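Going by the numbering used here, the sequence shown wraps up at 1147, each residue one higher than the last. Yeah, the Cβ is synthetic: ideal placement off N, Cα and C, and Gly gets one too. Predicted model, so just to flag it, every value in this text is computed and none were measured.
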Amino acid sequence: MARLKTGVLISGRGSNMAALAEACADPGFPAEIVLVLSNEPGAAGLGRAQDFGIPTAVVDHRAFPERAAFDAALSDRLEAAGAEFVCLAGFMRLLAAGFVERWRDRLLNIHPSLLPAFRGLDTHERALAAGVLLHGCTVHFVRPDLDDGPIVMQAAVPVLPRDTADTLAARVLEQEHRIYPAALRLVAERAVRVEGERVIHRTGWRNDGSLANPPHP
Ligand code: GAR
């Protein structure tokens, strides 16, 4: 099967992008990254992508007074690079409904919480403040509402007594780097699909056991 041509959108350090790039460096992986695109010209992730030999581009949102024009420029760059699929990896701009619909069911995001808890920013601080005992991360298909959409995969971590937002974030990030490539693999292999706004595994189950805290490969 041809590898799924994937564009990755970043805004910052790009550690999730690097986790995806490492997975895609294996020629047997069912997806490949054709472009890493940042809205921030200074994003550290751009250099990391170049280290992997991946083409990079910048579409600076400040150059676009209208959000629709920014979104259209993103889509145009992605399509020009041959992208059939898009992964948001720490992309910190809200995308308008037009972009989301153009890439419907071809657009994944990773979010540092167990959605639908703690949508938005400062998830680790808010998890600590709420006193939850489990926290984690979620890979989901993107819908126009913030951090909303069919959930592909989640991983949970315990909140430990001495956790700060930083220690908790580091434990969650380790899981992000595991589940994002694993989720992209399932989507690229057509092992999961969206049905009625739920992700269904090809076994016909909502979750065959592999989508929550997936085992180490
Ligand atoms: C990650 O923790 C990602 O889950 C989060 O930003 C960080 C980016 O780090 N994304 C969001 O909060 C999106 N709502 P990275 O640039 O090292 O991948």
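Whole angstroms are fine: how far does the CA of residue j sit from the CA of residue i?
| i | j | result |
| --- | --- | --- |
| V1087 | A1059 | 16 Å |
| L1045 | N1039 | 12 Å |
| A1100 | R943 | 14 Å |
| G1028 | G1066 | 29 Å |
| F1000 | L1090 | 41 Å |
| I1043 | G1061 | First, the residue type needs correcting, since residue 1043 is Ser and not Ile in the sequence shown. Going from the Cα of S1043 to the Cα of G1061 covers about 14 Å. |
| A973 | M947 | 12 Å |
| R1049 | D1077 | 6 Å |
| G1139 | V1082 | 12 Å |
| N969 | R1132 | 35 Å |
| L1051 | P971 | 22 Å |
| R1136 | L1116 | 14 Å |
| S945 | R1032 | 26 Å |
| Q980 | D1035 | 28 Å |
| N1143 | L1063 | 16 Å |
| T1053 | V1102 | 11 Å |
| R1092 | P1145 | 26 Å |
| R1123 | E996 | 33 Å |
| R1023 | H991 | 9 Å |
What is the residue span of the beta strand (DSSP E) that residue i lies within?
| i | result |
| --- | --- |
| S1140 | Segment: none, S1140 is in no beta strand (DSSP E) and carries neither H nor E. |
| G1066 | 1064-1071 |
| F1015 | 1015-1018 |
| E1125 | 1122-1125 |
| H1131 | 1128-1131 |
| A1047 | No beta strand (DSSP E) contains A1047, which DSSP labels as neither H nor E. |
| L988 | The sequence given here places Val at residue 988; Leu does not occur at that position. Start and end: 986-988. |
Inspect the beta-carbon positions of residue i and residue j and report whether they are closer than 7 Å.
| i | j | result |
| --- | --- | --- |
| A884 | E1125 | Given that the chain is displayed from residue 931 to residue 1147, the structure contains no residue 884 and the question cannot be resolved. |
| V938 | A1013 | no |
| T936 | V966 | no |
| F1015 | L934 | yes |
| A1113 | V1069 | yes |
| L976 | P1111 | no |
| P1080 | E1127 | yes |
| A1003 | V988 | no |
| I940 | A1019 | yes |
| A1026 | A998 | yes |
| A1085 | Q1105 | yes |
| P1074 | V1030 | yes |
Which of the three DSSP states, helix, strand or coil, is assigned to residue i?
| i | result |
| --- | --- |
| G977 | helix |
| N1039 | strand |
| A1011 | coil |
| L965 | strand |
| E996 | coil |
| A1059 | helix |
| L1024 | coil |
Provide the residue span of the alpha helix (DSSP H) that contains residue i, from first to last.
| i | result |
| --- | --- |
| M1083 | Segment 1081-1088 is the beta strand (DSSP E) holding M1083; no alpha helix (DSSP H) there. |
| V1102 | 1095-1118 |
| V1030 | 1027-1032 |
Check your understanding: Unbroken beta strand (DSSP E) runs of length 3 or more, entirely within the stretch 931-958: which are they?
Key -> 934-940
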